[in-house]
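Peer 1:
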DNA sequence: GATCGCATCGTACGACGTACGAGTCAATTG
DNA sequence: CAATTGACTCGTACGTCGTACGATGCGATC
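Protein chains in written order, with our numbering: chain Z, 7 to 237; chain D, 7 to 237.
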């Protein structure tokens, strides 16, 4: 832990090699590469969750030995970081909307964000422990620009950005963890029966049963956008 | 995995035994108990983080053999659940404020929530993967009652509750993960220098440098409360 | 004293992340 | 051509983890 910076070996970080075009396929398998490792890791995470990703299983899926991964990747944590950042990439709105529609642009980006994470529920539980990857910073940058252009004053800008970010993060994480819970219906059912006695208001409002998550997300986001102070 | 429900042994779940008052202390140590396990687990989590909690280390701290823990606890996941729920307990506002001050009551509960999680940063990264414990449900119930009494209509109630919940969750998780990042200043510094080129708006607004987290939290919460539709 | 439940713990097993060094093979150099 | 290099792969091994299993101790009851 103390000599963490002693890592002098370059290993792989860029993949700018001349493509071996006519390389005869070794048993019909593609060559190992960082890209292939990452997409396979995402598949594995989708299939078996955070605890299902092990270096040995990942190597099996890629068709290599376990230790071969370590040529392309520093350690398991790096695999998590790469998978997370890959999943969070954002390609702006497909058709250029009218440039004045800041609200539409913010909504599109935030809903895409949420959708991306819900497509890969493990990402929600991974994000809290990880750094801000480039794709997250891209989204923050876009959000920042759009809000500023929309007329949010400099004094309120940071609070506004964080409010939206926080809202999306919380909503997504909550939603994703509910998916986890619903996995074992037995415990869920038992919890719900005990709810009516101990938590009457929650029960009567169907807070935990209402599954119109998308609608609630949009509605709450509307509340928040309504509260933002525009110049 | 298939016979998970085959667990018929009662083990320990309640601790309503007659207290052994005159039991001579065995080497001066208290008896092992679920409560002692949980508080020790929290200490260990505070000291060494999520990855620092292992059953063997926990047993050492409690002064027992590793396998003795399993008499009181189903498995390691249960330790996480118990530690998390314990940390999230809420004892309402200390002095009874005037009963009409719904905004103050909501603010107090949400800020206490955030403060509780930030006192134990591991809780933020743990929450996304765990069930809603009783103490979380208590807070949701209180929030629900307060907002309803404040005049939020039934049609908007759930969206309002989730908005506040999402906001607090997101803000807390973000804040806690920033603490993690600041642990290694080297990478942080490097990231910041590359920021000015790639992410100009983020840079110029000092989004990542401004460390008035508490103020930003309160301000954004204000935006959100301002946006709630009251009857 | 014999029996029985509660509670503790030593040993052992399989799975994990990964350090280490030996192996392969194409490109480069003489 | 042979020798060397460097990019890349992987088998083995070590230490650590969660925890299944069965032996053990002990106070209460018969």
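Think of the CB as a built atom: it goes at the ideal place given N, C-alpha and C, for glycine as much as any other residue.
Near residue 120/D, which residues of its chain fall below 7 Å by C-beta distance, leaving aside the five closest residues on each side in sequence?
Peer 2: 174, 177, 178 and 223
Peer 1: Starting from the C-beta of residue 183/D, find all residues in its chain whose C-beta is less than 8 Å away, skip the five residues before and the five after it, and write them out in chain order.
Peer 2: The answer, listed in chain order, is 130 and 131.
Peer 1: Beta-carbon separation of residue 96/D and residue 144/D under 9 Å?
Peer 2: Residue 144/D is positioned such that its CB atom lies closer than 9 Å to that of residue 96/D.
Peer 1: Using a Cβ-Cβ cut-off of 7 Å (strictly less than) and excluding sequence neighbours within five positions of residue 209/D, which residues of its own chain qualify?
Peer 2: Closer than 7 Å at the Cβ level, and outside the excluded window around residue 209/D, lie 201 and 202.
Peer 1: If you compare alpha carbons, which of 212/Z, 50/Z and 58/Z is closest to residue 160/D?
Peer 2: 212/Z
Peer 1: Over the uninterrupted alpha helix (DSSP H) stretch that includes residue 127/Z, give me the two end residues.
Peer 2: Per DSSP, residue 127/Z belongs to no alpha helix (DSSP H) and is neither H nor E.
Peer 1: Compare the beta carbon distance of residue 88/D and residue 142/D with 9 Å and say whether it is the shorter of the two.
Peer 2: no
Peer 1: Keeping to the same chain, check which residues put their C-beta closer than 7 Å to that of residue 152/Z; ignore five residues upstream and five downstream.
Peer 2: 108, 111 and 112
Peer 1: With distances taken between CB atoms, is the gap from residue 170/Z to residue 90/Z smaller than 9 Å?
Peer 2: In this structure, residue 90/Z does not lie closer than 9 Å to residue 170/Z by Cβ.
Peer 1: Can you tell me which of the three DSSP states residue 79/D falls into?
Peer 2: coil
Peer 1: For a test of the three-state rule: what should DSSP assign to residue 59/Z, helix, strand or coil?
Peer 2: coil
Peer 1: Which residues share a DSSP beta bridge with residue 138/D?
Peer 2: Beta-bridge pairing links residue 138/D to no other residue.
Peer 1: Just verifying my parser: in three-state terms, what is the DSSP assignment at residue 118/D?
Peer 2: helix
Peer 1: Answer with buried or exposed for residue 127/Z, where buried requires no fewer than 16 other C-beta atoms within 10 angstroms of its C-beta.
Peer 2: buried
Peer 1: At which residues does the alpha helix (DSSP H) containing residue 69/D begin and terminate?
Peer 2: Careful: residue 69/D lies outside any alpha helix (DSSP H) and carries neither H nor E.
Peer 1: If the cut-off is 7 Å on Cβ atoms, which residues from the stretch 49–61 of chain D count as contacting chain Z, listed in chain order?
Peer 2: none
Peer 1: Could you check the C-alpha separation between residue 162/D and residue 139/D for me, to the nearest Å?
Peer 2: 25 Å
Peer 1: When we look at the beta-carbon of residue 240/Z and count the other beta-carbons within 10 Å, is it buried (16 or more) or exposed?
Peer 2: Chain Z is shown from 7 up to 237; residue 240/Z falls before or after that span and cannot be answered.
Peer 1: With H, G and I counted as helix, E and B as strand and the rest as coil, what does DSSP make of residue 230/Z?
Peer 2: helix
Peer 1: Using the Cα positions of residue 166/Z and residue 156/Z, report the straight-line distance between them to the nearest angstrom.
Peer 2: 12 Å
Peer 1: Residues of chain Z with a CB under 7 Å from the CB of residue 109/D: which are they?
Peer 2: By Cβ distance, chain Z contributes nothing, its closest Cβ being about 13 Å from residue 109/D, past 7 Å.
Peer 1: Count the other CB atoms within 10 Å of the CB of residue 181/D; is the residue buried (16 or more) or exposed (fewer)?
Peer 2: buried
Peer 1: If you measure from the beta carbon of residue 212/D to each beta carbon in chain Z, is any gap under 9 Å?
Peer 2: yes
Peer 1: Distance check for residue 98/D and residue 47/Z, CA to CA, integer angstroms please.
Peer 2: 45 Å
Peer 1: Where does residue 113/D sit, in a helix, a strand or coil, going by DSSP?
Peer 2: helix
Peer 1: Output needed in chain order: residues of the stretch 206–235 of chain D with a Cβ under 7 Å from some Cβ in chain Z.
Peer 2: 207, 208, 211, 213, 216, 222, 225, 226, 229, 230, 232, 233 and 234
Peer 1: Between residue 51/D and residue 59/D, what straight-line distance do the alpha-carbon atoms span, to the nearest angstrom?
Peer 2: 6 Å
Peer 1: Alpha carbon to alpha carbon, how far is residue 236/D from residue 232/Z?
Peer 2: 13 Å
Peer 1: Within the same chain, show all residues whose beta-carbon is closer than 6 Å to that of residue 258/Z, passing over the 5 residues directly before and after it, in chain order.
Peer 2: Since the first residue shown for chain Z is 7 and the last is 237, residue 258/Z is missing from the structure and cannot be characterised.
Peer 1: Mind listing which residues of the stretch 161–187 of chain Z have their C-beta closer than 8 Å to chain D's C-betas, in chain order?
Peer 2: 162, 163, 164, 165, 166, 167, 168, 169, 171, 172, 173, 174, 175, 176, 177, 179, 180, 182, 183, 186 and 187
Peer 1: Among 94/D, 136/D, 147/D and 134/D, which has the Cα closest to the Cα of residue 124/D?
Peer 2: Looking only at 94/D, 136/D, 147/D and 134/D, the smallest Cα-Cα distance to residue 124/D is reached by 94/D.
Peer 1: How is residue 40/D classed by DSSP in three states: helix, strand or coil?
Peer 2: helix
Peer 1: Consult DSSP for residue 149/D and reduce its assignment to one of helix, strand or coil.
Peer 2: helix
Peer 1: What separation, rounded to the nearest whole angstrom, lies between the Cα atoms of residue 77/Z and residue 135/Z?
Peer 2: Their Cα atoms are separated by approximately 24 Å.
Peer 1: Just to confirm my understanding: we take residue 55/Z, look at its own chain, exclude 5 residues before and 5 after, and list those with CB closer than 7 Å. What are they?
Peer 2: 128
Peer 1: What distance in whole Å lies between the Cβ atoms of residue 234/Z and residue 229/D, which are believed to be in contact at a cut-off of 8 Å?
Peer 2: 6 Å
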